[in-house]
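When we follow the UniProt record's numbering, the leftmost residue of the sequence shown carries the number 1, and every step to the right adds one.
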Amino acid sequence: MDDDAHEGDICRVCRAEGTHDKPLYHPCICTGSIKFIHQECLVQWLKHSKKEYCELCNHRFAFKPIYAPDMPNRLPVKDFVGGLVTNILRALKYWLHYTLVALAWLGVVPITAYRIYRCLFAGSVNSLLTLPLDMLSTENLFSDCIRGCFVVACTLCAFISLVWLREQIITNGGPAWLEPNADPLPQLNVINNDPGGGAENAAAEGGGGGENVNQPQDIPEEEGNNGANQDAENGAQNGDDDANWNPVEWERAAEELTWERMLGLDGSLVFLEHVFWVVSLNTSFILVFAFCPFHIGQFTVILLSLEEVFQSSKFEGLLTAVLGYVIIAFSLILCHSVASVCGLRRPKRILGLCYVVVKVSLLMLVEIGLFPLVCGWWLDVCSLSLFGATLKDRLLSVDSAPGTAMFLHWLVGMVYVFYFASFVLLLREVLRPGVLWFLRNLNDPDFHPVQEVVFGTTVLLMMYLPVRLIKWLFPSFLPYNVQLFSEVPVSELSLELLLLQVVLPALLEQGHTRQWLKNVMRGWAVAAAFVLNLRSYLLGDVPLDGAENVYGLHLSYRVDQRNAGNGPQVNAAGQNAVQAQPAAGNAAGGGGAALGFQPYIRPRMFAFKILLLVVLMCVSLSFASFVTLTGPVFIGRSVMLLWMGDAAVHELYTAACGLYIIWLVCRIGSVLTSWIPLGCKGVALKFFEWFLLGLKCVIVALALIGLVPLLLGLLFELVVVAPLRVPLDQTPLFFPWQDWALGVLHMKIICAVTMMGPNWWLKRALEQRSCTERIVLVDVDIVVNMKCCGDSAAPPRKYITFLPL
Numbered sequence: 001m002d003d004d005a006h007e008g009d010i011c012r013v014c015r016a017e018g019t020h021d022k023p024l025y026h027p028c029i030c031t032g033s034i035k036f037i038h039q040e041c042l043v044q045w046l047k048h049s050k051k052e053y054c055e056l057c058n059h060r061f062a063f064k065p066i067y068a069p070d071m072p073n074r075l076p077v078k079d080f081v082g083g084l085v086t087n088i089l090r091a092l093k094y095w096l097h098y099t100l101v102a103l104a105w106l107g108v109v110p111i112t113a114y115r116i117y118r119c120l121f122a123g124s125v126n127s128l129l130t131l132p133l134d135m136l137s138t139e140n141l142f143s144d145c146i147r148g149c150f151v152v153a154c155t156l157c158a159f160i161s162l163v164w165l166r167e168q169i170i171t172n173g174g175p176a177w178l179e180p181n182a183d184p185l186p187q188l189n190v191i192n193n194d195p196g197g198g199a200e201n202a203a204a205e206g207g208g209g210g211e212n213v214n215q216p217q218d219i220p221e222e223e224g225n226n227g228a229n230q231d232a233e234n235g236a237q238n239g240d241d242d243a244n245w246n247p248v249e250w251e252r253a254a255e256e257l258t259w260e261r262m263l264g265l266d267g268s269l270v271f272l273e274h275v276f277w278v279v280s281l282n283t284s285f286i287l288v289f290a291f292c293p294f295h296i297g298q299f300t301v302i303l304l305s306l307e308e309v310f311q312s313s314k315f316e317g318l319l320t321a322v323l324g325y326v327i328i329a330f331s332l333i334l335c336h337s338v339a340s341v342c343g344l345r346r347p348k349r350i351l352g353l354c355y356v357v358v359k360v361s362l363l364m365l366v367e368i369g370l371f372p373l374v375c376g377w378w379l380d381v382c383s384l385s386l387f388g389a390t391l392k393d394r395l396l397s398v399d400s401a402p403g404t405a406m407f408l409h410w411l412v413g414m415v416y417v418f419y420f421a422s423f424v425l426l427l428r429e430v431l432r433p434g435v436l437w438f439l440r441n442l443n444d445p446d447f448h449p450v451q452e453v454v455f456g457t458t459v460l461l462m463m464y465l466p467v468r469l470i471k472w473l474f475p476s477f478l479p480y481n482v483q484l485f486s487e488v489p490v491s492e493l494s495l496e497l498l499l500l501q502v503v504l505p506a507l508l509e510q511g512h513t514r515q516w517l518k519n520v521m522r523g524w525a526v527a528a529a530f531v532l533n534l535r536s537y538l539l540g541d542v543p544l545d546g547a548e549n550v551y552g553l554h555l556s557y558r559v560d561q562r563n564a565g566n567g568p569q570v571n572a573a574g575q576n577a578v579q580a581q582p583a584a585g586n587a588a589g590g591g592g593a594a595l596g597f598q599p600y601i602r603p604r605m606f607a608f609k610i611l612l613l614v615v616l617m618c619v620s621l622s623f624a625s626f627v628t629l630t631g632p633v634f635i636g637r638s639v640m641l642l643w644m645g646d647a648a649v650h651e652l653y654t655a656a657c658g659l660y661i662i663w664l665v666c667r668i669g670s671v672l673t674s675w676i677p678l679g680c681k682g683v684a685l686k687f688f689e690w691f692l693l694g695l696k697c698v699i700v701a702l703a704l705i706g707l708v709p710l711l712l713g714l715l716f717e718l719v720v721v722a723p724l725r726v727p728l729d730q731t732p733l734f735f736p737w738q739d740w741a742l743g744v745l746h747m748k749i750i751c752a753v754t755m756m757g758p759n760w761w762l763k764r765a766l767e768q769r770s771c772t773e774r775i776v777l778v779d780v781d782i783v784v785n786m787k788c789c790g791d792s793a794a795p796p797r798k799y800i801t802f803l804p805l
């Protein structure tokens, strides 16, 4: 920057004039009183705003080094060597430190965790005696490290879950039976502060009902008095705390909270202490949450003579640990009851908290583990005809690889539960609050196992019945081809590229799909409501003024009054106020209070119309599933037949191709529909604009998506793959289609690395503001430069033997 300070000019940031030590500069093209700024102020502002240009004139700031006047033209050899040695020593120091950090966190912690875990579950005294030698052993380091990472991940998840549960109990309060009974305390302060008006104020805060005045007041009074006593004690000890306060210790504690200091990336060796505590935490959690429940379950299995049953289940360790948790839960309930009878308040609360931890763990196991696994198996059983398999084949696969089979079914079940829950959320946005009372509410804190039956019934409607209908109408359509091998591996690779790089991003990264699905559901609801005269029940958009047979007015009023009364008491009364809301919601119509309840007009023959609505819903779900299972696969098979011929193609690719074609047709249809109000001339202009845009895309795609990936793939094939695969006395064979597919993947990696790197012409070209501008305003020089780079990297033709496409 040039020194442009003048008398009377001030800095635009600090509003101070320039001095000899801190002159004013003019770094941008702004004029007037805001043109000058100090260099320090500019640097601080750039760090704060995280921008490299002026927000007013959009001029990019540039910094240039200013050397001293006596600086020589050439750097002396002594200074050059000294600086080089200093930098090498500094780099060596950082390299050694970061190597130590990596060995500690990625080597010592997981290997120690796994070998302690193996020692505890070995079940022999000899393993305990040889544990120090096992820690220093160099056998199976990599496998132990991988398994140790899994053990550390499990212990960290358990620790985070405990912290989260503690915060939930502190913030929202625990269950009603966990809170200690509050002793009746005299309300002397209330009477002295507001004589004669305490009852009215309490009634007003309680929602206006006299019956709610005294009910939620016990816990708040106790908490308030405890808070007052704590304040008094804190006030009495305030002088000692002030006398012992040390700001240096507080600053050191604040520094230790950073990730760099905790992991050791700041250059200090404090992380060794954290490594020790992490190892200790892993050992403690393995001992408490794995060793003790497992051995309690194992003792129970031996006591009940169930060894053969557990051994034949293929998951003896997991089932034994779960049985141990169940025994611990019942033991805690028994001890909690004994402590309640004996009046031991502190042991009672500790046992209650332990029971809450075990209960939450078992519920999470059921909700996240068992329930998706059951859904996955139920889906597989209902869709056996879809893949031409039998139940005997599934049993054989479980016998051969039980862990893999269970994991795949659990994964399928998780996907099904996730998408069904998303579908239910969309339905709740469309339908009247209270209609879907029989479906599970994700915001409901109470557990309703009966509502889980809906998932299994939906599988019957959307999988079993459509598959039977397909086999009856189109006998040759099934089974799907889901073989994991192919006669044409090159084409399979390109199809995987098509699926991962083109189809899935187009289907998942578009926000139109959700809106389309929501519009379809609303259209179905409007049509069903029109046919059955249930618009007020389904959608709730019919005015109720002066209407007859309005159902739910008194229930809705009661829900609103209960919510209004409990609203200000959530923080004070804890769980009592929170538990009152689901009860009111269930009384109003089965839904939670978070969903509310909306009255509706009940027409004649309401029960019969609801039955017809259920039948229509079942038929619609089965028909939608039938179309989904046949339409995309049929379209994809037709397209693949033109491309692949009679070669067997995995149905995943045909279904993905069909879905993409359907999405493309719907997208083009929506665009053409939006052009209709423009008239014939406007449609012609729009079509011409899009035709030119498509022509530009084709021209650019031939170079960026066709030629450049092919050259990158050939370069990788010649430099990396061919020397490792083919001896020197043989000629390598190249598959252009496969090389192009790998080149596309390499180009995406190059683009990702470019976006992470410094600011240069390629990054600026990729950082266009929108996809349309990126296509319309594409720089031809960039395409030419990338093509030249690919041409220079391409191998000579005489050394290549191509196989036909």
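Backbone N, C-alpha and C define an ideal beta-carbon position, used for all residues, glycine too. These figures come from a predicted structure and were not determined experimentally.
Residue i vs residue j beta-carbon contact at 8 Å
| i | j | result |
| --- | --- | --- |
| Ala607 | Pro632 | no |
| Lys471 | Leu534 | no |
| Leu544 | Pro603 | no |
| Cys335 | Leu323 | no |
| Cys58 | Val152 | The question names Cys, but residue 58 is Asn in the sequence shown. No, Cβ-Cβ distance for Asn58 and Val152 is not below 8 Å. |
| Glu651 | Tyr480 | yes |
| Pro293 | Ala339 | no |
| Tyr416 | Leu379 | yes |
| Leu538 | Ala528 | yes |
| Leu325 | Leu363 | The residue you asked about is not Leu; residue 325 is Tyr in the sequence shown. No, the pair does not count as a contact, with Cβ atoms beyond the cut-off. |
Environment of residue i [buried if 16+ CB atoms lie within 10 Å]
| i | result |
| --- | --- |
| Arg432 | buried |
| Lys50 | exposed |
| Met755 | exposed |
| Met640 | buried |
| Ile749 | exposed |
| Gly376 | buried |
| Leu42 | buried |
| Ser622 | buried |
| Cys680 | exposed |
| Gln298 | buried |
Residue i, DSSP secondary structure in three states
| i | result |
| --- | --- |
| Phe734 | strand |
| Tyr25 | strand |
| Glu40 | helix |
| Glu367 | helix |
| Ala203 | Only weak support exists for where Ala203 lies, its pLDDT of 36 falling under 50; the coordinates are left without a value. |
| Val726 | coil |
| Gly18 | coil |
| Ile66 | coil |
| Asp9 | coil |
| Arg74 | coil |
| Val780 | Summary for Val780: the model assigns pLDDT 45, below 50, so the residue's position carries little reliability, and this model does not support an answer. |
| Arg604 | coil |
| residue 833 | The first residue shown for the chain is 1 and the last is 805, placing residue 833 beyond what the model contains. |
| Arg432 | coil |
| Tyr325 | helix |
| Tyr94 | helix |
| Tyr53 | strand |
Pick from the options that is closest to residue i, judged by C-alpha positions
| i | options | result |
| --- | --- | --- |
| Phe291 | Ile116, Leu718, Phe623 | Ile116 |
| Thr155 | Val531, Trp259, Val288 | Val288 |
| Gly173 | Arg428, Leu42, Val356 | Val356 |
| Leu704 | Phe735, Ala722, Leu678, His746 | His746 |
| Gly456 | Glu429, Leu386, Pro372 | Pro372 |
| Met462 | Leu362, Ser383, Cys145 | Ser383 |
| Met406 | Leu370, Val435, Thr19 | Leu370 |
Minimum Cβ-Cβ distance from residue i to chain C less than 8 Å
| i | result |
| --- | --- |
| Val151 | The structure shown contains no chain C, having only a single protein chain. |
Practice task
Any chance you could list the alpha helix (DSSP H) runs of at least 4 consecutive residues sitting entirely within the region 116 to 167, in chain order?
Solution key: 125 to 129, 131 to 135
Exercise for the section: Output the residue ranges of the beta strand (DSSP E) runs that lie fully inside the region 519 to 551 and measure 3 residues or longer, sorted by chain position. Expected result: none
Practice task
Please specify which runs of the alpha helix (DSSP H), each continuous and at least 4 residues long, are wholly inside the region 335 to 379, giving them in chain order.
Solution key: 345 to 364
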